[in-house]
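Trainee: Take a look at the following structure, please.
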Amino acid sequence: MKIAIVTDAWEPQVNGVVRTLKQTFNHLVEMGHEVYMVTTEGHRTIPCPSYPSIPLALFPGKKVSGDLAAINADAIHIATEGPLGIAARHWCLQNKINFTTSYHTQFPEYLRLRVPIPMSCTYSWFKRFHSKAVRTLVPTESMQKQLQQRGFNNVYVWGRGVDTEIFTPEDPQQIDLPRPIALYMGRVSVEKNIEDFLQQDLPGSKVVVGDGPDLERLKQRYPNVLFTGAKFGKELASWVATADVFVFPSKTDTFGLVLLEAMACGVPIAAYPVTGPKDVVMNGVTGILDEDLGKAVGQALQLNPQDCIDYARKNSWQACSEVFANYMHDNSLDKAKKDKAINDGSLWQLLR
Numbered sequence: 027m028k029i030a031i032v033t034d035a036w037e038p039q040v041n042g043v044v045r046t047l048k049q050t051f052n053h054l055v056e057m058g059h060e061v062y063m064v065t066t067e068g069h070r071t072i073p074c075p076s077y078p079s080i081p082l083a084l085f086p087g088k089k090v091s092g093d094l095a096a097i098n099a100d101a102i103h104i105a106t107e108g109p110l111g112i113a114a115r116h117w118c119l120q121n122k123i124n125f126t127t128s129y130h131t132q133f134p135e136y137l138r139l140r141v142p143i144p145m146s147c148t149y150s151w152f153k154r155f156h157s158k159a160v161r162t163l164v165p166t167e168s169m170q171k172q173l174q175q176r177g178f179n180n181v182y183v184w185g186r187g188v189d190t191e192i193f194t195p196e197d198p199q200q201i202d203l204p205r206p207i208a209l210y211m212g213r214v215s216v217e218k219n220i221e222d223f224l225q226q227d228l229p230g231s232k233v234v235v236g237d238g239p240d241l242e243r244l245k246q247r248y249p250n251v252l253f254t255g256a257k258f259g260k261e262l263a264s265w266v267a268t269a270d271v272f273v274f275p276s277k278t279d280t281f282g283l284v285l286l287e288a289m290a291c292g293v294p295i296a297a298y299p300v301t302g303p304k305d306v307v308m309n310g311v312t313g314i315l316d317e318d319l320g321k322a323v324g325q326a327l328q329l330n331p332q333d334c335i336d337y338a339r340k341n342s343w344q345a346c347s348e349v350f351a352n353y354m355h356d357n358s359l360d361k362a363k364k365d366k367a368i369n370d371g372s373l374w375q376l377l378r
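Numbering of the sequence shown is given in this note's numbering, commencing with residue 27 and proceeding in unit increments.
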């Protein structure tokens, strides 16, 4: 099957969307599919106003249209709602081609933290964007219910996995810090709510692994916290494996890949009981979910690391990619049926 994935988020960006798409791309190719990534490569771009490390394509319509026409994919998946996603959606609608979309990020909640735009307005725009998709894929059942309650239709779950060859409890960093070590890993930005973690009165040490627009401000405000900057691959996993508890203060994530990655390293989770953590964490087994984050940290320290490892290993990227491929296959069958009807001169039968 020939699959085109359109995304404004791609390398060298470092975030959960990129990691998800890279893993999906690799596994789809291993499964024998022909996969084309339509990204900002080859486009003129400008930095995203509130996040300069993210490039936004300028006037991408012509190139995106040409790329999609040349690929002639069996299935088209629009992964993001940025300029490329908007252009791809327009081309598909103009040419009466079915497509699927993803809802990776709670942008209305993110935008509310930066600009005074009512969430009702932004949700209305996002609902309109996804309304023409034959399927909108979300990472959790909680996210599915949340969007359905806001009037989104055709919402299906496409879960996430963890690379257990990279994220293991082996080879932790040899660092001389007071125990217990409470660690956050991920993007360092305002929507991640990291200050809720840093403000907690906790025993031991706090470590923040990652980069982002809020890093310098937090480093100045919390001099007693160890900020490592961005880490990757095995080095990243070794930092996570060093921790005694993984603190996830975000209230706006749709999933939180880092939760599975921490558990794969044998590190229990402390988080709020919100979308993402409540779908991924087995409360009382692989982590503690509580409105009192400090209380969650204290209780999570008592959990069995092996339970975290065993749970994480059940979540493979291979299985997630097979689910994605099945959705794309259904879309390709719709396209093949329509193409056959056009060739047979019986398109009217599809419209009855």
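Note that beta-carbon positions come from the ideal geometry of N, C-alpha and C, so glycine has one too.
1. Can you give me the start and stop residues for the beta strand (DSSP E) that lysine 232 sits inside?
2. Assuming contact is defined by CB atoms lying nearer than 8 Å, are glycine 59 and alanine 351 in contact in what I supplied?
3. So, valine 276 versus proline 239, is the Cβ gap smaller than 8 Å?
4. Can you list, in chain order, the residues of its chain whose CB lies under 7 Å from that of glutamine 199, leaving out five sequence neighbours each side?
5. Can you give me the start and stop residues for the alpha helix (DSSP H) that alanine 96 sits inside?
6. Over what stretch of residues does the alpha helix (DSSP H) that includes arginine 243 continue unbroken?
7. In the DSSP assignment, find the unbroken beta strand (DSSP E) run with phenylalanine 274 in it and report its ends.
8. The beta strand (DSSP E) that contains phenylalanine 223, what's its start and end?
9. Between isoleucine 192 and arginine 339, what straight-line distance do the alpha-carbon atoms span, to the nearest angstrom?
10. Would you identify the three-state DSSP class for arginine 45, choosing helix, strand or coil?
11. Could you spell out where the beta strand (DSSP E) holding tyrosine 77 opens and where it closes?
12. Nearest to leucine 82 by CA position, among Glu67, Gly185, Gln175, is which residue?
13. Given that a residue counts as buried once 16 or more other Cβ atoms are within 10 Å of its Cβ, and exposed if not, what is glutamine 246?
14. Work out the CA separation of glutamine 132 and alanine 297 for me, nearest whole Å.
15. What number of angstroms, rounded off, separates the C-alpha of valine 235 from the C-alpha of asparagine 121?
16. Assuming threonine 126 contacts tyrosine 353 (C-beta within less than 8 Å), just tell me the rounded distance between them.
17. Taking its Cβ as the centre, do 16 or more other Cβ atoms sit within 10 Å of glutamine 328, making it buried, or is it exposed?
18. If we call anything under 8 Å between Cβ atoms a contact, is threonine 50 one with leucine 110?
19. Count the C-beta pairs between the stretch 102-109 and the stretch 29-47 that are closer than 8 Å, then say yes if the count reaches three, no if not.
20. Going straight from the alpha carbon of isoleucine 143 to that of valine 160, what length do you get?
21. Mind listing, in chain order, the continuous alpha helix (DSSP H) runs of no fewer than 4 residues lying wholly within the stretch 252-326?
Mentor: Straight from the coordinates:
1. On the sequence shown, position 206 is the one that residue 232 refers to. 231-235 is the span of the beta strand (DSSP E), which, as asked, contains lysine 232.
2. In the sequence shown, counting from the first residue as 1, residue 59 sits at position 33. In the sequence shown, counting from the first residue as 1, residue 351 sits at position 325. In the sequence on display, residue 59 carries histidine and not glycine. Yes, these two residues count as a Cβ contact at 8 Å.
3. Stepping through the sequence shown from its first residue, residue 276 is reached at position 250. Stepping through the sequence shown from its first residue, residue 239 is reached at position 213. The question names valine, but residue 276 in the sequence shown is serine. Contact check for serine 276 against proline 239 fails: the beta carbons are separated by 8 Å or more.
4. Looking up residue 199 in the sequence shown gives position 173. Counting only Cβ-Cβ distances below 7 Å, and skipping sequence neighbours, we find Ser264, Trp265, Thr268.
5. If you number the sequence shown from 1, residue 96 lands on position 70. Here the alpha helix (DSSP H) through alanine 96 covers 87-97.
6. Residue mapping note: residue 243 aligns to position 217 of the sequence shown, counting from 1. Residues 241-247.
7. As a working mapping, residue 274 is identified with position 248 in the sequence shown. Bounds of the beta strand (DSSP E) holding phenylalanine 274 are 271-274.
8. In the sequence shown, counting from the first residue as 1, residue 223 sits at position 197. It is not in any beta strand (DSSP E) - phenylalanine 223 instead sits in the alpha helix (DSSP H) that spans 220-224.
9. Stepping through the sequence shown from its first residue, residue 192 is reached at position 166. Stepping through the sequence shown from its first residue, residue 339 is reached at position 313. Straight-line spacing of the CA atoms in isoleucine 192 and arginine 339 works out to 12 Å.
10. Position 19 of the sequence shown holds residue 45. Arginine 45: helix per DSSP, three-state reduction.
11. The residue you call residue 77 lines up with position 51 of the sequence shown. Counting along the chain, the beta strand (DSSP E) containing tyrosine 77 begins and ends at 77-83.
12. Looking up residue 82 in the sequence shown gives position 56. Of Glu67, Gly185, Gln175, the residue nearest in Cα terms is Glu67.
13. Residue mapping note: residue 246 aligns to position 220 of the sequence shown, counting from 1. Its Cβ having fewer than 16 others within 10 Å, glutamine 246 is exposed.
14. Here residue 297 refers to the residue found at position 271 of the sequence shown. Here residue 132 refers to the residue found at position 106 of the sequence shown. So the alpha carbons of these two residues sit roughly 18 Å apart.
15. Reading the sequence shown from its first residue, position 209 is the one you call residue 235. Reading the sequence shown from its first residue, position 95 is the one you call residue 121. Straight-line spacing of the CA atoms in valine 235 and asparagine 121 works out to 45 Å.
16. By 1-based counting over the sequence shown, the position of residue 126 is 100. By 1-based counting over the sequence shown, the position of residue 353 is 327. Right, their Cβ atoms sit about 6 Å apart.
17. For the purposes of this step, residue 328 is taken as the residue at position 302 of the sequence shown. Residue burial annotation: glutamine 328 is exposed, with fewer than 16 other C-beta atoms found within 10 angstroms of its C-beta.
18. In the sequence shown, the residue the question calls residue 50 occupies position 24. In the sequence shown, the residue the question calls residue 110 occupies position 84. No; because the gap between Cβ atoms is not below 8 Å, this pair is not in contact.
19. The stretch 102-109 is in contact with the stretch 29-47.
20. For this step, residue 143 is matched to residue 117 along the sequence shown. For this step, residue 160 is matched to residue 134 along the sequence shown. Isoleucine 143 and valine 160 have their C-alpha atoms spaced approximately 29 Å apart.
21. Entirely contained in the stretch 252-326, the alpha helix (DSSP H) runs reaching 4 residues are, in chain order, 259-268, 283-290, 303-306, 319-326.
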